[in-house]
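Following: one structure in structure tokens, then a few remarks.
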Amino acid sequence: EDLLDKHGLEPGEAALAWLLTRPGITGPIVGPRTAEQLDSALRALELELPEAVLTGLDEIFPGPGPSPEAFAW
963 EDLLDKHGLE PGEAALAWLL TRPGITGPIV GPRTAEQLDS ALRALELELP
1013 EAVLTGLDEI FPGPGPSPEA FAW
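Here it is as structure tokens:
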């Protein structure tokens, strides 16, 4: 939250915008229950995250490792 607060970003919108920058993610599934939640999800489509935010989120949430090691818990 500190990372997003520094850039004035809403967590839900930033999360969707970041997911859309990930290879292989073509359409995150959202489940808005209110019109406000739907509006927020739609705003994420237009949101361009600063490079510092992308890098920070990548460090917090690293992608999966190579197969099969990433799947062998």
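Number 1035 marks the last residue of the sequence shown (this note's numbering); no jumps. Glycine included, C-beta positions come from ideal geometry on N, C-alpha and C. None of the values given here were measured: they were computed from a predicted structure.
For my contact list, Ser-1002 and Glu-975 are in at a C-beta cut-off of 8 Å; report their separation, rounded to the angstrom. In the sequence shown, residue 1002 corresponds to position 40, counting from 1. In the sequence shown, residue 975 corresponds to position 13, counting from 1. That pair is a contact at about 6 Å.
Just curious, the alpha helix (DSSP H) that Gly-974 is in, first and last residue? Along the sequence shown, one-based indexing puts residue 974 at 12. Taken as a continuous stretch (DSSP letters only), the alpha helix (DSSP H) holding Gly-974 covers 973-981.
May I have the straight-line CA-CA distance separating Arg-984 from Leu-1016, to the nearest angstrom? Counted from its first residue, the sequence shown places residue 984 at position 22. Counted from its first residue, the sequence shown places residue 1016 at position 54. Taking the straight line from one Cα to the other gives about 10 Å.
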